[in-house]
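Student: Sharing a structure below in structure tokens format, with a few things to ask.
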Amino acid sequence: MALRVLLADESTTIKKVMQLALQDFAVEVKAVHAGVDVLDVARSFQPDVIFADVLLQKKNGYEVCGLLKADAGLKAVPVVLMWSSFMDLDDQLAKNAGAEGRLEKPFDVETLRKLVLELVPKTRTQRLAHFLDFPQKPTEELRLEETEKSTAAANKASPVPPGPAAPAYREPIPVPKRT
Numbered sequence: 018m019a020l021r022v023l024l025a026d027e028s029t030t031i032k033k034v035m036q037l038a039l040q041d042f043a044v045e046v047k048a049v050h051a052g053v054d055v056l057d058v059a060r061s062f063q064p065d066v067i068f069a070d071v072l073l074q075k076k077n078g079y080e081v082c083g084l085l086k087a088d089a090g091l092k093a094v095p096v097v098l099m100w101s102s103f104m105d106l107d108d109q110l111a112k113n114a115g116a117e118g119r120l121e122k123p124f125d126v127e128t129l130r131k132l133v134l135e136l137v138p139k140t141r142t143q144r145l146a147h148f149l150d151f152p153q154k155p156t157e158e159l160r161l162e163e164t165e166k167s168t169a170a171a172n173k174a175s176p177v178p179p180g181p182a183a184p185a186y187r188e189p190i191p192v193p194k195r196t
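Residues in the sequence shown are numbered from 18 upward in steps of one, following this note's numbering.
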């Protein structure tokens, strides 16, 4: 099952970076640009984690986080507050709102990945990389494949002489038309 991320941020670049950074979790990122939309979208989208910018319009990230934590169906969803490096995060407001994580923008991809691994338990066991691992073949099958490859290589080294030549192509004999 894919990692579902709700991103409350005005930046399309942040969305793209998240998609790329979390792609081995088969991530699905849904973005909203205004704080007033987060609660409704979260109810319908059912995210595994929510990232909210503290400078959202109409409702800031602190307010959004507080609303999410007050909602019975969403209070268990981890919320990460994001802020830009040119400002300071109000730690007391973040704590009062119930935010589980903090992420300064621009963020390092590894910092984002570690945060998601820490906050969303299913990401520790359900990475896309696990789905792409093919089962290991039994040792006997592997030996047979190696033998077949060796035989094929030996045959290329000493080719089998060609058989009789194919008959030469001839033009078809015209058939007279009946009248």
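Ideal Cβ positions, reconstructed from N, Cα and C, are used throughout, including at glycine.
Alpha carbon to alpha carbon, what distance is there between GLY78 and ASP107?
Tutor: Rounded to whole angstroms, the separation of the alpha carbons of GLY78 and ASP107 is 11 Å.
Student: On the DSSP bridge assignment, give the partners of VAL49 in chain order.
Tutor: ALA25
Student: Extract the residue ranges of the beta strand (DSSP E) inside the stretch 84 to 126, only unbroken runs of 3 or more that lie entirely within it.
Tutor: 96 to 101, 118 to 122
Student: Whole angstroms is fine: what's the gap from ASN113's alpha carbon to VAL133's?
Tutor: Cα to Cα, ASN113 sits roughly 21 Å from VAL133.
Student: Is it right to say ASP65 is buried, meaning 16 or more other beta carbons lie within 10 angstroms of its own, or is it exposed?
Tutor: buried
Student: Report the three-state DSSP secondary structure of ALA59 (helix, strand or coil).
Tutor: Under the three-state reduction of DSSP, ALA59 is assigned to helix.
Student: With ARG119 and VAL97 assumed to form a contact (beta carbons below 8 Å), what rounded beta-carbon distance in angstroms separates them?
Tutor: 7 Å
Student: How is ASP70 classed by DSSP in three states: helix, strand or coil?
Tutor: strand
Student: Go ahead and label ALA87 buried or exposed: buried means 16 or more other beta carbons lie within 10 angstroms of its beta carbon, across all protein chains shown.
Tutor: exposed
Student: For GLN153, count neighbouring C-beta atoms within 10 Å of its own C-beta (all shown protein chains included) and say buried if the count is 16 or more, exposed if not.
Tutor: Reliability fails at GLN153, whose pLDDT of 47 lies under 50, so the model's placement of it is uncertain and the value that follows must be treated cautiously. Exposed, since its Cβ has fewer than 16 Cβ neighbours within 10 Å.
Student: Could you tell me which of SER101, ALA111, ASP105 sits nearest to LYS122, measuring between CA atoms?
Tutor: SER101
Student: Grab me the residues of LEU136's own chain with a C-beta within less than 8 Å of its C-beta, minus the 5 sequence neighbours each way, in chain order.
Tutor: VAL66, PRO95, VAL97, GLU117, GLY118
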